[in-house]
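Residues 1 to 297 (the UniProt record's numbering) make up the sequence shown, in order. Just so you know, even glycine gets a beta-carbon here, dropped at the ideal spot from N, CA and C. Contents: one structure, followed by commentary.
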Amino acid sequence: MPASRVSSTTDAPSPDAPSPGPAPIAGARSGRVGAARRLKRPAARREQGRFLVEGVQAVGAALAVGELLEVFVGVSATPRHEELLRAVRVPVRVVTDEAVASLSETVTPQGLVAVAALPAHRLADLHAPRLVAVCIGAGDPGNAGTVIRSADAAGADAVVFTGSGVDPFGGKCVRSSAGSHFHLPVIVEPALAGVLDRLRARGCRIVATSGAADRDIDTAVAAGELDGPTAWLFGNEAHGLASATLAAADAVLRVPVYGQAESLNLAVASALCLYASARAQRTGRSGTDGTGGGGRR
Numbered sequence: 001m002p003a004s005r006v007s008s009t010t011d012a013p014s015p016d017a018p019s020p021g022p023a024p025i026a027g028a029r030s031g032r033v034g035a036a037r038r039l040k041r042p043a044a045r046r047e048q049g050r051f052l053v054e055g056v057q058a059v060g061a062a063l064a065v066g067e068l069l070e071v072f073v074g075v076s077a078t079p080r081h082e083e084l085l086r087a088v089r090v091p092v093r094v095v096t097d098e099a100v101a102s103l104s105e106t107v108t109p110q111g112l113v114a115v116a117a118l119p120a121h122r123l124a125d126l127h128a129p130r131l132v133a134v135c136i137g138a139g140d141p142g143n144a145g146t147v148i149r150s151a152d153a154a155g156a157d158a159v160v161f162t163g164s165g166v167d168p169f170g171g172k173c174v175r176s177s178a179g180s181h182f183h184l185p186v187i188v189e190p191a192l193a194g195v196l197d198r199l200r201a202r203g204c205r206i207v208a209t210s211g212a213a214d215r216d217i218d219t220a221v222a223a224g225e226l227d228g229p230t231a232w233l234f235g236n237e238a239h240g241l242a243s244a245t246l247a248a249a250d251a252v253l254r255v256p257v258y259g260q261a262e263s264l265n266l267a268v269a270s271a272l273c274l275y276a277s278a279r280a281q282r283t284g285r286s287g288t289d290g291t292g293g294g295g296r297r
């Protein structure tokens, strides 16, 4: 890999200083590593407009859309990531394995962590969305990341996070999305009322989810209710959606359970709902040739 793009030092030497020979590999206490490690905190992410991206798949996705700012790779992991690192056009910093592990939140890190620009997506920027997932007070970052991944796979136009809940740009959520953060807008909006108003103004039918609903998604699909633009509301894993939120929706549906399981978790239920809409939009009355509808092209 070109030497001009790879750094293993913590601070650049003075141009007048004699060359000290091979630079030491940067450790966990280096300034650059410390600055990146601070991005584990939500406040630091918001202040700096940056977040951490871990692993080959997610770093590769960030690279593909030009969102990488800096890459850290453990010295022992460098050979196995060589092909990806050759494609990087931002500073690549070879650090000790301990240093790159300090940036990771996994038990068995891959030795590759990058800093990416925090996206500035807004709900106001969505034009004529066909399929949107809205997570209200999601409490588990792994589930939240899987919702993003499922929404991406279903061709959704965006995922919106609102209410008090996880930061969708935290480490576990980013890892769980497996790079999907860089494939569709992930939007954070503080007020649910504003979210519903904007989505309705853009033509979306608001569908809430509840295990206690009288009707299920199969019934809605058969009736053609999911053929058009739809925004799905998903609640907190433990408490679901508030009664006021259910009342504000245009419809409330449940995922049918045919066995004895009490319920499905957020990640699974959201995937089933989003795919029900995606299929209906592609094959239903709003997508008569099987190619229309269903969010992103």
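- Every alpha helix (DSSP H) of 4 residues or more that sits fully in the region 181 to 246 is shown, in chain order, as 192 to 201 and 217 to 222.
- With a minimum length of 4 residues, the unbroken runs of alpha helix (DSSP H) contained wholly in the region 37 to 92 fall at 42 to 48, 56 to 64 and 82 to 87.
- Judged by DSSP in its simplified three-state form, residue 29 adopts coil rather than helix or strand.
- According to the DSSP assignment, residue 146 belongs to the alpha helix (DSSP H) that extends over 141 to 153.
- The three-state reading of DSSP puts residue 264 in coil, since its state is none of H, G, I, E or B.
- Exclusion of the five residues before and after residue 263 leaves 211 as the residues of its chain whose Cβ lies within less than 6 Å of its Cβ.
- Taking a contact as a CB-CB distance under 8 Å, the pair residue 57 and residue 178 counts as one, their CB atoms being some 5 Å apart.
- Spanning the alpha carbons of residue 250 and residue 154 requires a straight line of approximately 22 Å.
- In this model, residue 114 and residue 189 are separated by some 25 Å (Cα to Cα).
- Buried is the label assigned to residue 67, since at least 16 other Cβ atoms lie within 10 Å of its Cβ.
- Here residue 265 is exposed. Its C-beta has fewer than 16 other C-beta atoms within 10 Å.
- For residue 254, there is no enclosing alpha helix (DSSP H); the residue is found in the beta strand (DSSP E) stretching over 251 to 254.
- When C-beta atoms of the region 37 to 54 are compared with those of the region 73 to 90, fewer than three pairs fall below 8 Å, so the two segments do not count as touching.
- Non-local beta-carbon contacts of residue 180 in its own chain, meaning distances under 7 Å to residues more than five positions away in sequence, involve 148, 149 and 152 in chain order.
- Under the DSSP assignment, residue 133 falls in the beta strand (DSSP E) whose first and last residues are 131 to 136.
- With 16 or more neighbouring CB atoms inside 10 Å of its own CB, residue 269 falls in the buried class.
- Taking C-beta atoms as the reference points, residue 33 and residue 99 count as a pair closer than 9 Å.
- The closest CA to that of residue 203, considering only 117, 174 and 126, is found on 126.
- Rounded to whole angstroms, the Cβ separation of residue 274 and residue 209 is 11 Å, and the two are not in contact under 8 Å.
- Taking a contact as a CB-CB distance under 8 Å, the pair residue 138 and residue 161 counts as one, their CB atoms being some 7 Å apart.
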